[in-house]
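All remarks here apply to the structure that follows.
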Amino acid sequence: MPWNPGDDLVAVQRGPEPGGLGGAYRVLGETLRGLKTSFGRVVEGTTTIEYPEQKTPVYPRFRGRHRLHTFEDTGLEKCVGCSLCAAACPADCIRVVAAENDPIDRVSGGERYAAVYEINMSRCIFCGYCEMACPFDAITMGHDYELADYNRSDLIFTKEMLLQEPPVRTPLRAEGE
Amino acid sequence: MPRPEINEITFVVDGREVVAPAGTMLADAAKLGDVDIPVFCYEPKLGQPVGACRMCLVEVEGIPKLQTACSTPVRDGMVVNTETPRVKAAQESVVEFLLLNHPLDCPVCDKGGECPLQDISYGWGRGTSRTVEPKRHFEKPVELSPLIAIDRERCILCYRCVRFSQEVSEDYQLILHERGADTFVGTFDGHPYVAPFSGNIIELCPVGALTSQAYRFRARPWDIEQSGSVCTLCPGQCNVSYTVRDDRVMRVLSRQNDAVDDGWLCDRGRFAYQSSYVDDRVTEPLLRDGGVLRPVSWERALAEAARLLGKTPAGLGALAGGATSNEEGWLLRRLHADVLGSRDFDSRSGASGPAVSAGLLAALDTPEAQATVPDVEWAHSVLVLDSEPVDDMPILDLRIRKGVRRHGMRLAVATSRPSSLDSIAEQAVRFAPGAGEAFVCALDAAVGGIGDVAGLAAAAGADAAQVEALGRMLREAGEDVVIVWGERLTHGANPDNAARALLKVAGRLSLLDDHAGAGLLQVPSGANGRGLREIGLLPTAGPGYREPAAVGRSAQEIAQATIAGQITGLHLLHVDPVQSFPERGLWEQALHAGAVVAHAQFLTDGLREHANVVFPAEAGAEKEGTVTHPDGRLQRLRPAVARPDGARPTWQVLSQLIAAVGGQATALTSMMVTSEIAEAVPFYAGITHDEIGGFGVRWQEREAAAAFPAGETGPFALEDPRPAASPNGALRLGRFRSVWASPEVAHAPALKFLAPKQRAELNPDDAQERGIRHGQQVTVTATGEDGSAETIAAVAHLRAAAPRGSVFLESGLGAESVDVLDAALVHVNSDPARPA
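In structure tokens, the structure reads:
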């Protein structure tokens, strides 16, 4: 026995049937309406840029790729391997293994230095807590945001990579820009 | 003194009524009301408080000035305030004062993150500093010992380390130099602080002044995990906590268990973990191929081991070392007794004679006669018999010292070698090396007041008047007497007689009836000696001290039978008999004669030369299973880190061996072996890992203890003991094994400097007769029965306390060990090749 829907039956309201002369006319009208908006904006000029030939300038406070610093006068690393950045990191992407300085061939200013300092960039959320936690201003967030790579292991940045002056490729936003 | 009765009192802290035991210090009692009073110098483990840091000042109503909560005992009706403005101001001032000279180098300090000074500065300090003056400066960091670095700038002069050295370990080495702000911790003449328990001061230090050299800059508290287990390096079985970073043990901390270790740890337990990360550790199965041990696959090694053990027409022998867990011992026993039908296995490390019979073992280990470790501290008197606790079971040494110092316990020491406890002992009696049996017979006569004390004492090489005095002291000291006796007492030629004599002494002092606080406590020669005995890994006893159908061969007989060709296969579990048994020459021949299958962490002398198959064994932190403490406490080993790549757990290897020789391997997990043991040993019935838990459970306190078999009961008739050899121009040879003589110490980089060198301890008069001076090179020569002479070189070490007519040499040292000499008498001469 077929099912009787009873009072639940709802009639579907249908629009005009597609096709035919009326349909073609409607389509043309809607297309022209859209194009009006497009051509209306042409006079305003372009807002997109030609990335990667051109880059968006960033604010000075922008938090991009990290940098480890050295003292300008002595060349010693500022990082003493205290691991506070690793403790502060909410993404758990920093790994520090400390070691003791050799007094003859010092690496850092303090008693200890970071023998291993790694940041897993694929996990980093660029929150800047590591920078805030650092008692020696040894780690700061730079401006570079072009970090894409072809495999994950290349995204683990080592101490040597972080200590190097990164190629300047990110323009800073000028005053009032 | 017996434990005092504890009354409860009620006092008020910060408006809360709190019930606390009378006499508790306020700092502890306040915790019962959830009130935290900050402390630096206060540590109940160290005994009496000193009130040095002033951090714990509180206001007590009725007393006008602020009081130190650490040294004020609570009284009934006391009203204490810890949060008034006066207290707050005092706490802030004290923190500020302590920080005056404390450098703020927390980022480089190893203590940072687990530092009480940091925590208390945050919790109770002002938050800002008003200091503008320069701080005190010291050279930093300085080596206090090869194990400990001291940074004197960070020290807040809480006295904890000094009190530990002076009042707990009693090595009296650490002191405070200078006065006022110039004060610093050091040893009196600047020598390194080397002592068996020195590492504890690292854990005691409330700031980063004392740090571990081995752990220096290795990890931060947020990088690590703690993993609780039990140390299996000696019978003390201290509870430890492994600090793990990146699946690697970084340090070992004590895990306080008052019934076992009182919160202390010896340096061997603390630093030997390093030996599991050295290159010469065995990490894969090795097979002798063309005379050289080469790595092979597990399948090949198992097949080869099964061939060597399974298809031998003649006998098989098995030995288990001290570090063997109950599970491994059980599977070894199953493999040999049930599958291969051999009864020749032994687990008594370093024993030369036959084993004590099952009935006497049961009589000695009966729950009624068992003393616990805390009993040692609270007894009226303690007799240390033929054992050197600091070498055999180091943690017991601290317990004995605590009893004497804090509870007025009376101590007597009866050993052949001068003991480190002599200075605090009321009676120190010496007997001839190896004459333990005769000495206990003499002691029995002295305690009982009947028999020929003089004759027996002479046989033991002891002074009769001293033995009489010792007997009198034990009789009259009080009802709680604990006899701490070393297993080596029963390693002689007639162990049953020694055991009977000991039981007679215990009976006369009424230690054998069910009287808590008194009894016998054995110091086994292997770390898990008691557990292996109870699961029946002895030639004379089955599981649960059952009488075996036939008595098997003891270790020495196994060696002799192997040389004679009656035994063709030897199975060595965590033991190298060449290193740990007295007759080195005999064992070398035996290992050479038989096919050897071994489970080992390191290739020690005997294994390197003679083993046919070596399976890698786990290090302590990698092990799973249970062990039994000398007082019957079952404790659980939990793996803290993974095994090296490719290694398999030893219980699994044994299980696979059982299958490979055609037996039925029933155990799929270590826990299943535990339940097999619980079924086989009646007084372990129903024990599970859950019940053992983190702090262990004494089987004597469980219901199943009623199933303990009745041992031999008296009256015991004693045979005439064999008299000690008369020197007759020569010297009696005594052997001792230092706490540092172990492969773990030899391999741990931090401990290597402690590895002992052979020395001949003798009396200055004996030395003078032979023209030997202190520190001189000497040769020690023993002439065997067949006229062959063995000689070892040693450095003369003159000790006024050494008895005349004896010389003591160290065992467990490899080729220069005293184990090379197989005689009771030796000649000591100055080395002609190297004159003084």
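Order-wise, the sequence lines are chains R and B.
Position 136, counted from 1, in the first sequence is what our numbering calls 136; the numbers after and before it change by one each time, with no gaps.
Position 813, counted from 1, in the second sequence is what our numbering calls 1813; the numbers after and before it change by one each time, with no gaps.
The C-beta atom is built at its ideal place from N, Cα and C for all residues, glycine as well.
query                                                                                                                                                                         : result
Within 10 angstroms of the Cβ of B:GLN1091, are there 16 or more other Cβ atoms? Answer buried if so, exposed if not.                                                         : buried
Is it right to say B:PRO1085 is buried, meaning 16 or more other beta carbons lie within 10 angstroms of its own, or is it exposed?                                           : exposed
From the DSSP secondary-structure annotation, give me the bridge partner or partners of R:TYR113.                                                                             : R:ALA99
Chain B beta carbons: is any one of them nearer than 8 Å to that of R:PRO103?                                                                                                 : no
Report, in whole angstroms, the separation of the C-beta atoms of B:SER1670 and B:GLU1624, which I expect to be a contact under 8 Å.                                          : 5 Å
Quick one: measure Cβ to Cβ for B:ALA1412 and B:ALA1425, integer angstroms, because I've assumed they're closer than 8 Å.                                                     : 6 Å
Listing by chain order, which chain R residues have their CB less than 7 Å from the CB of B:VAL1108?                                                                          : VAL80, CYS82, GLY110, GLU111 and ARG112
Would you give the residue range spanned by the beta strand (DSSP E) that B:THR1779 belongs to?                                                                               : 1777-1783
Any contact between the stretch 1596-1613 of chain B and the stretch 1298-1318 of chain B? By contact I mean 3 or more CB pairs, one from each, below 8 Å.                    : yes
Are at least three pairs of beta-carbons, each pair with one atom in the stretch 1158-1174 of chain B and one in the stretch 1401-1415 of chain B, less than 8 Å apart?       : yes
If we call anything under 8 Å between Cβ atoms a contact, is B:GLY1529 one with B:PRO1235?                                                                                    : yes
According to DSSP, what are the bridge partners of B:GLY1734?                                                                                                                 : B:PHE1808
Can you name the start and end residues of the alpha helix (DSSP H) that B:SER1655 belongs to?                                                                                : 1650-1660
Please determine if the stretch 44-53 of chain R and the stretch 97-117 of chain R are in contact, where contact requires at least 3 C-beta pairs separated by less than 8 Å. : no
Hey, does B:PRO1141 have any beta-carbon neighbour from chain R nearer than 8 Å?                                                                                              : yes
When DSSP builds the beta bridges, which residues end up paired with B:PHE1602?                                                                                               : B:ARG1281
Hey, how far is the Cα of B:HIS1610 from the Cα of B:ASP1289?                                                                                                                 : 12 Å
Start and end of the alpha helix (DSSP H) containing B:ASN1497?                                                                                                               : 1495-1508
Starting from B:MET1250 and walking both ways along the beta strand (DSSP E), at which residues does that stretch end?                                                        : 1248-1254
Which residues of the stretch 1200-1227 of chain B have a Cβ closer than 7 Å to any Cβ of chain R? Give them in chain order.                                                  : ARG1216, PHE1217, ARG1220, TRP1222 and ASP1223
Any beta carbon from chain B within less than 8 Å of R:GLU131's own beta carbon?                                                                                              : no
I'd like to know whether the C-beta atoms of B:PRO1616 and B:PRO1285 end up nearer to each other than 8 Å.                                                                    : yes
At what residues does the alpha helix (DSSP H) containing R:PHE39 begin and finish?                                                                                           : 20-42
Give the secondary structure of B:MET1078 by DSSP, where H, G and I count as helix, E and B as strand, and everything else as coil.                                           : coil
Consider the Cβ of R:PRO135: report whether some Cβ of chain B lies at a distance smaller than 8 Å.                                                                           : yes
Once the 5 residues before and after B:GLY1317 are set aside, which same chain residues still bring their CB inside 6 Å of it?                                                : ASP1344, ILE1558, ILE1567 and LEU1570
Please identify the residue among B:ASP1182, B:LEU1176, B:ALA1432 and B:SER1416 whose C-alpha is closest to the C-alpha of B:GLY1190.                                         : B:LEU1176
Counting contacts by CB-CB distance shorter than 8 Å, is R:ALA98 in contact with chain B?                                                                                     : yes
Leaving out the 5 sequence neighbours to the left and right, which residues in its chain are closer than 7 Å to B:ALA1707 when beta-carbon positions are compared?            : PRO1682, PHE1683 and ALA1685
Classify B:TRP1740: buried if its beta carbon has 16 or more other beta carbons within 10 angstroms, exposed otherwise.                                                       : buried
Tell me which same chain residues have a C-beta within less than 6 Å of the C-beta of B:ALA1501, skipping the five on either side of it?                                      : VAL1440, CYS1441, ASP1444 and LEU1718
So, with DSSP's three-state summary, where would you put B:ASN1326?                                                                                                           : helix
So, is the C-beta of R:ALA174 closer than 8 Å to a C-beta in chain B?                                                                                                         : no
Using a Cβ cut-off of 8 Å, pull out every chain R residue sitting near B:GLY1112, in sequence order please.                                                                   : CYS82
Checking 8 Å against the spacing of the C-beta atoms, do B:ALA1647 and B:THR1283 come in under that value?                                                                    : yes
Please report the distance separating the alpha-carbon of B:PHE1217 from that of R:CYS82.                                                                                     : 9 Å
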